[in-house]
Every structure is written in C-alpha cells, then in structure tokens.
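Undergrad: First, the structure itself, so that you have it in front of you.
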Amino acid sequence: MVNFELKSRYTYEDLLRVVRILRSPGGCPWDQEQTHQSIRRDFLEEAYEAAEAIDTDDTALLREELGDVLLQVVFHADIESDAGRFTMEDVVDEVTKKMIFRHPHVFANVQADTTEQVLVNWEELKREEKAQKTATDTLDSVARTLPGLWRAEKIQKKAAKAGFDWADISGALDKLDEETAELRRAAETGEGVEEELGDVLFAAVKVGRFAGVDPETALSGTCEKFIRRFRAVEEAARAKGADMKDMPLEELTALWEQAKRS
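According to my numbering, the residues represented by the sequence shown are 837 to 1098, in order.
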C-alpha cells in the first residue's frame, strides 16, 4: 500500500500524483505495462464518449467523460516524462503559449472585431507556426487519423481557401453525379471500385459542405434512421410469425417502405 492522503475533494496536482504512483514500481502492474500505442484506442474512445455526452446534453456524463479524457492526456504525458522527453508541465506551457500567439487580437495589438477576422488570423498564424509555405502544405497537414468524412471536409475547406472550389452547390452536385456514374461502371467491371467509391464519398462531402451539413452528423443520423426502420421491419416480420432471413426480399422491401411511411 502506498502513502497517499485520502481526501473528500482532489485537485489537478493530485491526479498527476495518482498517475505517477500507478506507473511507478510498487504501483499497478497494468498501468506500468502501458505504452502510447497500447492505450491509443482508449484515448479515441474516451474522446468519442465525451462527444456523445455533449450530443445528449448530459452534464453529469460530460463531467465524467472529460475527466477520462484528461486522464488519458496525463497518462501519455507521464510516459514521456519517464522517457525524459517532456512533462505534463511542458504540455501546459506549450498550449498556453500557442493560445497567446494565436490570439494577438486579445494579447497584442492586432485588430479582429469579427469571428471571420479571427479565423483568418488564426489560419495565417497557424501556417506561420508550422512553417507551411504552400497551400498543399496546409492540406497535407490535416491529420490522417481523423474520421474519413471529416478529413475530406477539412481538406476541401483548405483547398477552397486557395481558390480551388466550385462556385456553388450545383457544380458539386454535378460532380457527385459524375463520380456515381464512374462507380457504377467500376462495379460492373469489378475494377477500381474502392477508388471510385472514395471519389463518390469525397464528392458527397463537398455537397454537404455547400449545404452547411456536417458529413459525419449526416451519416450518423442515417445510421440511426436505418436502425429505427430495420427494427420496424423485424417487428412486422415477427407479427407475421416469420423470421426476416426466411422472407423474400420483395416482402422485406414492402415492409421497409411501410416503415418509411410510418
């Protein structure tokens, strides 16, 4: 048993100490074995769970999930601290300096009276900070670990700032039609389907961007809609005393259309 004072309320410094104790000799064997890679997925899952708490407007859950995200940050930083590369204090110092640098309209004499001006300044300062010399550099800097639809949207936005974009949604819809036709031809020949499907998704994201629709939100909503209708079809099949997998597709399709109308 380690020497640790139990309290009714803990501080940020207490969290840092708990993680250090867990990862130290005499602490927790599981925590001692973890690496950046072994808990990488945990980090992503905690972030998504925090996002779900935001979506459901669940304050208590959000408080809990933000704590889990913070724990992940502290854990990763402690791994680096043991390796002698940086500490949690370095992480805090760097992000604080970044916020000050990217808000010269607050901490310096730059003028920015609107959100649009702030975002323009932010992008310019970010390019300066990361030594991005070309528009392509900004596209290449978009994280490859982002969900595909979000990455596509972010790349498109950066390309648009360089003047590479359709004038309106009509051009984007025409491009989507073109890519869909190419996907159909690829499916018929059995060649290049993956590439053409990617082109269709990329074009669909562009349509969503012109319409002001978050592609991940749109797809998530469709997933929920599919589940609701699938449940209705399954329940209708059971009401008939049938199992879905034993029913002809035509009958299932009719039930699906009925679910759409309900």
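Glycine residues also receive a C-beta, built at the ideal position from the N, C-alpha and C atoms.
1) Does Lys966 get closer than 9 Å to chain D when you measure Cβ to Cβ?
2) Exposed or buried, which one is Glu930 when buried takes at least 16 other CB atoms within 10 Å?
3) Please list, in chain order, all residues of the same chain as Ser1098 whose beta carbon is under 7 Å from its beta carbon, the five residues on each side excluded.
4) Give a yes or no on whether the C-beta atoms belonging to Glu947 and His941 are separated by under 9 Å.
5) Using the Cβ count rule (16 or more neighbours within 10 Å means buried), how would you classify Met924?
6) Would you say Gln1039 and Glu1014 are within 9 Å of each other, going by their C-beta atoms?
7) Report all residues from its chain with a CB closer than 8 Å to the CB of Thr871; omit the five preceding and five following residues, and keep chain order.
8) Closer than 8 Å by C-beta to Ile857: which residues in its own chain qualify, once you throw out the five before and the five after it? Chain order, please.
9) Determine the direct distance from the alpha carbon of Ala913 to that of Thr1058, and round the result to whole angstroms.
10) Report the three-state DSSP secondary structure of Asn957 (helix, strand or coil).
TA: In this structure, then:
1) Within the model displayed, chain D is absent; a lone protein chain is all it includes.
2) exposed
3) For Ser1098, the CB contacts under 7 Å within the same chain, skipping 5 residues up- and downstream, are Ala1068 in chain order.
4) Position check: residue 947 holds Gln in this sequence, whereas Glu was assumed. Taking 9 Å as the Cβ cut-off, Gln947 and His941 qualify as a contacting pair.
5) buried
6) Per the sequence presented here, residue 1039 reads as Ala, with Gln not at that position. Going by C-beta atoms, Ala1039 is nearer than 9 Å to Glu1014.
7) Ile915
8) If the five residues before and after Ile857 are omitted, its C-beta is found closer than 8 Å to the C-beta atoms of Val838, Phe840 and Gly863, all from its own chain and listed in chain order.
9) 38 Å
10) Helix, per DSSP.
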